[in-house]
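Student:
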Amino acid sequence: MKEKKPAMGRGLTALLQNVETDVSGKTPIPVNGQAEINISEIVANPFQPRKDFDEAALEELAESIRVHGIIQPITVRKIGYGKYEIIAGERRTRAAIRAELKTIPAYVRVANDQGMLEMALIENTHRENLNAIEVSLSYQRLIEECKLTQEELAKRVGKNRTTVTNFLRLLKLPEEIQIALRDDLLSVGHARALLSLEKKEDQIFLLDEIIDSELSVRQVESLVKEKLKPVAPALPKDKPEVTHDYTADIWESRIASATQVHARLKISHKGKGEIIIPFGSTDELERIIELMEK
-12 MKEKKPAMGR
-2 GLTALLQNVE
8 TDVSGKTPIP
18 VNGQAEINIS
28 EIVANPFQPR
38 KDFDEAALEE
48 LAESIRVHGI
58 IQPITVRKIG
68 YGKYEIIAGE
78 RRTRAAIRAE
88 LKTIPAYVRV
98 ANDQGMLEMA
108 LIENTHRENL
118 NAIEVSLSYQ
128 RLIEECKLTQ
138 EELAKRVGKN
148 RTTVTNFLRL
158 LKLPEEIQIA
168 LRDDLLSVGH
178 ARALLSLEKK
188 EDQIFLLDEI
198 IDSELSVRQV
208 ESLVKEKLKP
218 VAPALPKDKP
228 EVTHDYTADI
238 WESRIASATQ
248 VHARLKISHK
258 GKGEIIIPFG
268 STDELERIIE
278 LMEK
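Per the numbering used here, the sequence shown runs over residues -12 to 281.
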């Protein structure tokens, strides 16, 4: 009797086993395991939050790789036969290309687009040399593209909600200030102080002062506080300041004697003022006017 062949076939069996084969073609590597992958088969992560790579630092890392090799494997996901997309480790990959490596050690993972963005963000936001604007833009993309709330985002990246909110507020600053922050011309502390100013022109003016005079964060906070002090309303120039002294009392008595009505007198230090003569009826008003005419 002939030996019965597996009905499923090797292709489906391999799929169920969920394995990859490294470049040697000999060692099966399960997904979520580590493999040695051809660099030519790796493409960049479109969700990479980091946009600027320091050329000198890349060359320094490339030299280290030439001597010691890749110490920390990168993380990739398989996107097709013989194609992998970087989840984390683009800087190491760029340096490996400079070092003329043909392969690179990598953890092979399975991730959807949201997972890709989240993993790339978490990987990058824990680097000390990632600038605040790159972090802020990454947070914004997570909220907009992955439909996360600030609370959910804070949990994903291991920060408290206030920290996340403060980073997102930086994106409300004028472009000039965001560029200065990105280029390390001012600190996050400076930028947060500038956020208290409502007018863009005030923010830009103070930005120039920070750079030109090398102001500290405390100095900027003091300047902003002074700028925000409420201005006391000015008194109308045409309204006299009223004084009342014994001389006014004498004049009031003289008016009362002439009109037989107790009048009130308001007079300023410049000698200007007004006389207020009350009356109870039009007949009384007529009587007062007749007395004044005499």
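Every residue, glycine too, gets a C-beta built ideally from N, C-alpha and C. All values derive from a computational prediction rather than experimental measurement.
1. When you compare only the Cα positions, how much space is there between L160 and A178?
2. Where I263 and T269 are concerned, what is the direct C-alpha to C-alpha distance, given to the nearest angstrom?
3. Cα separation between Y68 and D195?
4. Please go through the same chain and pick out, in chain order, the residues whose beta-carbon is closer than 8 Å to the beta-carbon of T90, but skip the five residues on each side of it.
5. How would you label I254, buried or exposed, when you count the other beta carbons within 10 angstroms and need 16 or more for buried?
6. Based on DSSP bridge pairs, tell me the residues matched to K214.
7. Whose C-alpha, out of I242, G102, Y126 and L117, is nearest the C-alpha of D170?
8. Quick check on the burial criterion: 16 or more other C-beta atoms within 10 angstroms. Buried or exposed for A43?
9. Write down every uninterrupted run of the alpha helix (DSSP H) in the stretch 61 to 140 whose length is 4 residues or greater and which is fully enclosed by it, in chain order.
10. Out of curiosity, what's the CA-to-CA distance linking V95 and F192?
11. If we cut at 9 Å on Cβ distances, does L272 have a partner in chain C?
12. Suppose you measure from the CA of L184 to the CA of N147; what does that come to, to the nearest Å?
13. When the distance is taken between beta carbons, is V151 closer than 9 Å to A180?
14. If you check the beta carbons only, do E110 and C133 fall under 9 Å apart?
15. Strictly by DSSP, which residues pair up with E261?
16. Just the Cα atoms here: how many angstroms apart are A82 and Q21?
17. Do you know how far the Cα of H249 is from the Cα of K216?
18. Please report the distance separating the alpha-carbon of R205 from that of I84.
19. State the beta-bridge partners of N25 as determined by DSSP.
20. Which two residues bound the contiguous alpha helix (DSSP H) that contains F266?
21. Grouping DSSP H, G and I as helix and E and B as strand, with all else coil, what is V30?
22. Evaluate Q190 with the Cβ neighbour count: other Cβ atoms within 10 Å of its Cβ, from every protein chain shown; 16 or more gives buried, anything less gives exposed.
Tutor: According to the structure data:
1. 8 Å
2. 16 Å
3. 53 Å
4. V10, E23, I24, N25 and I26
5. Looking at its Cβ environment, which holds 16 or more other Cβ atoms inside 10 Å, I254 is buried.
6. K214 pairs with nothing; no bridge assigned.
7. L117
8. exposed
9. 77 to 85, 100 to 112 and 119 to 132
10. 50 Å
11. Chain labels in this structure do not include chain C; a single protein chain is all it has.
12. 25 Å
13. no
14. no
15. K253
16. 20 Å
17. So the alpha carbons of these two residues sit roughly 46 Å apart.
18. C-alpha separation (whole angstroms): 45 Å.
19. T90
20. Run containing F266: none; DSSP gives neither H nor E here.
21. strand
22. buried
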